[in-house]
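Numbered according to this note's numbering, the sequence shown spans residues 1124 to 1310. Comments concern the structure below.
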Amino acid sequence: MDLKIISGTDRPNAYALKVSNYVQTLYQQQDVNAEVISLKDFPLEEVVGGLYGKNIPAVEKFRDPIINADGLIFVIPEYNGSFPGILKVFVDYLPFPDAFEKMPMAFIGESAGAFGALRSVEQFQMIANYRNALQFPERVFISRVKSEFDEVEGLSDPFKQKLLNSQVQNFIKFVEASQNKEMDQLV
Ligand SMILES: Cc1cc2nc3c(=O)[nH]c(=O)nc-3n(C[C@H](O)[C@H](O)[C@H](O)COP(=O)(O)O)c2cc1C
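This is the structure:
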């Protein structure tokens, strides 16, 4: 199984990347390969001027491992009550309409504030819905990320840590189920 964890911002030293790296260790504990891909590596300079729909080799190189994965885990911060602009830019440079078609996706929100990027995740899920992704219902929201998350220990709230562990274990099963032929005919 080939999963990708998308760190959903280009902000230097972002918690999204720290959380992504931690979540990768949880997948490793389940013997599942989940590579972290950060949107800080999206080739933004190659799309200046609005090159939508054009073949841009640097963009293809960045996006192909993502759209060819078996499942995606998005780690999304909250910027101005929404998800970061670079995440929308990334989506707007994906092949349309097939890039996310039936793609299993899980979501983790993280923010400095109290709501753990609930708004950001739900707004992004509207796009995932429009693009016919298979959205895994167990979501995790990490509030006050600077004090409630540790890069080695994980989440200080045992209940939220349990939710995160559960998401990891059950998303693996969800991706496996999505590969089942009968399921494929249904959705
Ligand atoms: C442009 C910008 C807007 C932000 N807006 C919010 C916000 O609306 N709500 C919030 O809780 N935190 C907000 N934050 C703080 C982030 O939640 C904080 O940086 C946190 O560490 C998660 O983002 P990160 O993954 O970039 O580190 C904002 C940060 C930036 C850079």
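Yeah, the Cβ is synthetic: ideal placement off N, Cα and C, and Gly gets one too.
Could you check if residue i belongs to the surroundings of ligand 1, using beta carbon to heavy atom distance under 6 angstroms?
| i | result |
| --- | --- |
| S1270 | no |
| N1156 | no |
| T1148 | no |
| N1203 | yes |
| F1267 | Checking the sequence shown, residue 1267 turns out to be Arg, not Phe. False, no ligand heavy atom lies under 6 angstroms from that Cβ. |
| P1135 | no |
| G1236 | yes |
| Y1145 | no |
| P1188 | no |
| Y1253 | no |
| Y1138 | yes |
| P1281 | no |
| P1227 | no |
| P1200 | yes |
Residue i: which of the options sits nearest, CA to CA?
| i | options | result |
| --- | --- | --- |
| L1195 | Q1290, E1168, K1177 | Q1290 |
| E1158 | A1240, I1265, I1129 | I1129 |
| A1235 | V1263, M1249, E1271 | E1271 |
| D1125 | Q1308, V1310, P1227, Y1145 | P1227 |
| K1225 | S1205, P1207, V1214, R1254 | R1254 |
| P1220 | P1180, F1185, G1176 | G1176 |
| V1298 | I1179, E1168, V1182, A1229 | A1229 |
| A1222 | G1204, V1146, E1183 | E1183 |
| Q1152 | M1306, N1303, F1247, I1295 | I1295 |
| L1167 | Y1150, D1154, F1185, D1307 | F1185 |
| F1165 | K1283, Y1216, E1276, F1197 | Y1216 |
| V1142 | P1200, N1178, A1181 | P1200 |
| V1275 | F1213, Y1145, V1170 | Y1145 |
Leaving aside the five residues before and after residue i along the sequence, list all residues of the same chain whose C-beta is less than 7 angstroms from its C-beta, in chain order.
| i | result |
| --- | --- |
| N1293 | E1261 |
| L1174 | none |
| A1192 | D1125, L1126, K1127 |
Going along the chain, which residues of its own chain have a beta-carbon closer than 6 angstroms to the beta-carbon of residue i, five neighbours each way excluded?
| i | result |
| --- | --- |
| I1265 | E1233, G1239, F1272 |
| K1163 | D1133 |
| K1211 | none |
| I1190 | A1222 |
| S1161 | S1130, L1140 |
How is residue i classed by DSSP in three states: helix, strand or coil?
| i | result |
| --- | --- |
| F1272 | strand |
| P1188 | helix |
| S1130 | strand |
| G1208 | helix |
| Q1151 | helix |
| S1161 | strand |
| E1233 | strand |
| Y1145 | helix |
| V1263 | strand |
| N1293 | helix |
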